[in-house]
Amino acid sequence: ENIKISQYSIGIFENFDDLMEVDGEKAHAEFKQHGYLFLANEKNWPMIQKNYETQKSLGAKVSLLSIDEIKKLIPHMETADLVGGAFGSRDGSLDPYGAMQGYKRKDKELGVEYLYEEVTDIEVKRKKIESVKTNKGAKIPCGMVVNAAGPSASIVGKMAGIDLPVDPVRKMAYVFDPKIKFDYDLPLVIDTDGLLYFRHESGKTILTGKSIPDEPVGFNFEWDRDYYMDVVWPQVAERVPAFETARLIRGWAGHYAMNRLDGNAIVGHFGDIAGLYGAVGFSGHGLQQAPAIGKCLSELIQFGEYQTIDLSRFSFDRFRTGKLVFEEEMV
Numbered sequence: 002e003n004i005k006i007s008q009y010s011i012g013i014f015e016n017f018d019d020l021m022e023v024d025g026e027k028a029h030a031e032f033k034q035h036g037y038l039f040l041a042n043e044k045n046w047p048m049i050q051k052n053y054e055t056q057k058s059l060g061a062k063v064s065l066l067s068i069d070e071i072k073k074l075i076p077h078m079e080t081a082d083l084v085g086g087a088f089g090s091r092d093g094s095l096d097p098y099g100a101m102q103g104y105k106r107k108d109k110e111l112g113v114e115y116l117y118e119e120v121t122d123i124e125v126k127r128k129k130i131e132s133v134k135t136n137k138g139a140k141i142p143c144g145m146v147v148n149a150a151g152p153s154a155s156i157v158g159k160m161a162g163i164d165l166p167v168d169p170v171r172k173m174a175y176v177f178d179p180k181i182k183f184d185y186d187l188p189l190v191i192d193t194d195g196l197l198y199f200r201h202e203s204g205k206t207i208l209t210g211k212s213i214p215d216e217p218v219g220f221n222f223e224w225d226r227d228y229y230m231d232v233v234w235p236q237v238a239e240r241v242p243a244f245e246t247a248r249l250i251r252g253w254a255g256h257y258a259m260n261r262l263d264g265n266a267i268v269g270h271f272g273d274i275a276g277l278y279g280a281v282g283f284s285g286h287g288l289q290q291a292p293a294i295g296k297c298l299s300e301l302i303q304f305g306e307y308q309t310i311d312l313s314r315f316s317f318d319r320f321r322t323g324k325l326v327f328e329e330e331m332v
């Protein structure tokens, strides 16, 4: 299902600027298909191959690369410890703010009204959604609520009496000047540990980061320069020695909405409360899966069933039945 979700979403993003055109003005998501390259050593090569076979069987544009092919793609790469890699040519990145604004402008054209207020309570009576209260004193009668609150999903869930296994976990990103000129663009490279990544950012700078496995839960917006200097930069420079003279430009911290039970999305009807739906716990994949999830959830709400992609495996009910959904490799 995750592969199908991504395939659908890529199709939307490939045409996003045109699809979200309003009054002759296109959107500006700036989707760039530079590809994703997963590096493999002896330890994770079997998993890379297995994932490749699954992806290929579902029509994904992915290929296994030899060391020579990796060197041709990225001549500056250190490959002594590698045995190969997997490359997804349709994969890429976009401007999340541009995508959000594109959706927002199109929504308004279609009649959607935005309220810039904080939800403070969800009123439930006789197992049915009754209303939503805000920090400005408003009480909005409604028969349906969709929890799409990202890292704050659990806070919103508790307002309706639902416990969600979704935690805010800090993720840090850094941008550096490589101090050398490339005559090619780097794809997004995921190192063999599955934690470190880097790719070209705008202006030929490099975006990088590395997840901290034991990062505590909580809203921490402080980014750690020392972590870059002591952990991230040495590993990036080991993989691409030309980065040894790189200069850090900036960093920032945001939060993944981490599903602590199986790391996958929680989508659909939540619990036994009529009118309570949600799309939460994407664990870092929310943006790339958003077009498909939004489409499918709207089908469930409108028609009572999924039509484009069956997302039943990602239901809230799986935590009761124990049918969790695990992935072998997630970034």
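Numbering (the numbering used here), first residue to last: 2 to 332.
Heads up, the beta-carbon is just placed ideally off N, CA and C, and yes, glycines get one too.
The structure presented is a predicted model; accordingly, all values stated were derived computationally and were not measured.
Run of the beta strand (DSSP E) containing residue i, from where it starts to where it stops
i	result
W253	248–260
Y278	277–281
D263	Element bounds for D263: n/a, residue is neither H nor E.
I191	189–191
Top-ranked residue by Cα proximity to residue i, from the options
i	options	result
Y198	G60, S90, A81, S212	S212
P169	G219, A139, V326, K73	G219
T209	T80, K62, P179	P179
G252	L277, R226, R261, F271	R226
M21	F39, D108, V63, G89	D108
H29	K137, Y104, K172	Y104
K72	Q303, V190, D215	V190
A149	A275, C143, G25, I267	I267
Run of the alpha helix (DSSP H) containing residue i, from where it starts to where it stops
i	result
Y9	3–15
I71	68–74
P47	46–58
Residue environment, residue i, which counts as buried when at least 16 other CB atoms sit within 10 Å
i	result
R240	buried
W234	buried
F315	buried
P188	buried
R248	exposed
N16	exposed
G287	buried
R127	exposed
Y278	buried
L325	exposed
A81	exposed
Distance, residue j Cα to residue i Cα
i	j	result
I192	I250	Note on identity: in this sequence residue 192 is Asp, with Ile being the wrong assignment. Taking the straight line joining both Cα atoms gives about 22 Å.
G158	A238	43 Å
E131	A280	20 Å
S94	L66	21 Å
V113	E43	52 Å
D18	Q34	14 Å
L83	Q56	21 Å
E245	Y115	47 Å
E79	Q236	11 Å
I181	A243	7 Å
W163	T121	The sequence shown places Ile at residue 163, rather than the Trp named in the question. Their backbone Cα atoms lie some 15 Å apart in a straight line.
I156	H201	36 Å
E124	P152	21 Å
Y228	Y175	10 Å
G305	V147	15 Å
G86	S58	18 Å
F183	D318	49 Å
G272	Q303	18 Å
C297	A161	23 Å
Q8	K129	35 Å
Paired residues, beta bridge with residue i - DSSP
i	result
H77	H77 pairs with nothing; no bridge assigned.
T135	V120
T209	Y175, F199
V63	G89
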